[in-house]
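Here the structure is laid out as structure tokens; the discussion comes afterwards.
Numbering (UniProt numbering), first residue to last: 1 to 138.
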């Protein structure tokens with residue numbers, strides 16, 4: 001996850017943990033766990049594109065929620081999922097996947113993922129959440 005608070009993970013949350021996460025705890029114990037991590041921007045959408053491309057928001061062009069990267073402008077970018085797939089990993093993206101508000105092209109969402117399962121938010125019949133639901137239908 002690119003936006004998980006420490007108290008949402010039992011290994012990192014300590015006494016303040018709000019959820020039991022045994023599988024994530026196992027992965028952290030057997031692999032790498034970051035105690036200090038930084039993001040290229042505090043805004044989720046451009047931060048996710050930065051994670052995928054290795055480019056800062058000022059290089060990939062998406063600097064806010066309402067921005068999008070024009071189709072075709074990213075075709076030659078080295079992207080993490082495609083690189084992992086070429087190395088033999090099965091790649092997938094699950095959940096909300098806000099890369100842009102340009103929902104006319106699934107090409108931008110592919111990025112070399114073997115599997116894409118996009119879901120709407122957890123809140124239903126909530127006027128505030130419903131105002132964003134249209135953005136999750138891609």
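Think of the CB as a built atom: it goes at the ideal place given N, C-alpha and C, for glycine as much as any other residue.
Beta-carbon proximity list for residue i, same chain, < 6 Å, skipping 5 on both sides
i	result
residue 80	52
residue 116	93
residue 42	none
residue 87	none
Distance, residue j Cα to residue i Cα
i	j	result
residue 114	residue 36	30 Å
residue 93	residue 58	24 Å
residue 18	residue 25	14 Å
residue 22	residue 64	34 Å
residue 20	residue 77	37 Å
residue 54	residue 9	26 Å
Within 8 Å, strictly: CB atoms of residue i and residue j
i	j	result
residue 50	residue 56	yes
Three-state secondary structure (DSSP) of residue i
i	result
residue 115	strand
residue 10	helix
Contacting residues, own chain, Cβ-Cβ under 7 Å from residue i (five flanking each side not counted)
i	result
residue 111	52, 79, 81, 82
residue 39	47
residue 90	114
residue 85	91, 112, 114
Residues near residue i in its chain [Cβ-Cβ closer than 8 Å; skip 5 each side]
i	result
residue 31	none
Chain D within 8 Å of residue i, Cβ atoms only
i	result
residue 79	Looking for chain D here will not work: only one protein chain is present.
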